[in-house]
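Heads up, the sequence shown is in my numbering, so the first residue is 81 and it goes up one at a time.
The beta-carbon is built from N, C-alpha and C at its ideal position, and this holds for glycine as well.
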Amino acid sequence: MTHDTRAGDGAFTPLEEWPIAVTRSSAVEEKAARLHQLNRRRALHFNTLVMTDSAMDVMLTLLVGHEQGRAISRNALAMANLMTSGDADAVLAALDEADYIIASDGGIRLSERGVSLMRGYVVIAPDRAA
Numbered sequence: 081m082t083h084d085t086r087a088g089d090g091a092f093t094p095l096e097e098w099p100i101a102v103t104r105s106s107a108v109e110e111k112a113a114r115l116h117q118l119n120r121r122r123a124l125h126f127n128t129l130v131m132t133d134s135a136m137d138v139m140l141t142l143l144v145g146h147e148q149g150r151a152i153s154r155n156a157l158a159m160a161n162l163m164t165s166g167d168a169d170a171v172l173a174a175l176d177e178a179d180y181i182i183a184s185d186g187g188i189r190l191s192e193r194g195v196s197l198m199r200g201y202v203v204i205a206p207d208r209a210a
């Protein structure tokens, strides 16, 4: 299944309806989920791919997964971030090249470097949803 923000009806999908389970067990995880939610609202509002930040959205999704102690499948990443499989693969290839992620048969996780950078980013990022 693929998703394209250009084909959306502009409706917002609450975190509870994401294709991955989102439970909030830490302040970092909660803020990462809120930042991702803001990015998704922006993408749906403008209804164009040019207003998306796919790499950061994938990284935020993976940070939530990391904080929950689990890997995320390629399909779930694509669905959660309104991306086609091809677009998700391109973003994941770039993130892998940057040493931000580790992909395996069990799913995709942030690398140690990715975790460190994303936790640091989430701490300093403005939280306009609060």
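C-alpha gap between residue i and residue j, whole angstroms
i    : j    : result
A178 : V171 : 11 Å
R104 : L142 : A caution first: R104 carries a pLDDT of 46, below 50, which makes its placement in the model unreliable, though a value can still be read off. Taking the straight line joining both Cα atoms gives about 14 Å.
A174 : L115 : 21 Å
G194 : D176 : 10 Å
D207 : T164 : 28 Å
S196 : V108 : 12 Å
G186 : A168 : 17 Å
N155 : G166 : 11 Å
D133 : F126 : 12 Å
Assumed close pair residue i, residue j - CB separation to whole angstroms, cut-off 8 Å
i    : j    : result
Y180 : S191 : 6 Å
L157 : I182 : Wrong, their Cβ atoms sit about 13 Å apart, outside the cutoff.
N119 : V138 : That belief does not hold up - the Cβ atoms of N119 and V138 are roughly 10 Å apart, past 8 Å.
Span of the beta strand (DSSP E) around residue i
i    : result
A151 : Here A151 belongs to no beta strand (DSSP E), and DSSP marks it neither H nor E.
S184 : 181-184
L190 : 187-190
Buried or exposed (CB count within 10 angstroms, at least 16 for buried), residue i
i    : result
V203 : exposed
R32  : Residue 32 lies beyond the stretch modelled for the chain, which goes from 81 to 210, so this question has no answer here.
G145 : buried
V106 : The displayed chain sequence assigns Ser, not Val, to residue 106. Exposed: under 16 other Cβ atoms inside 10 Å.
S184 : exposed
Boundaries (first-last residue) of the alpha helix (DSSP H) holding residue i
i    : result
A205 : Unbroken run through A205: none, as it is neither H nor E.
S165 : 165-177
N119 : 107-126
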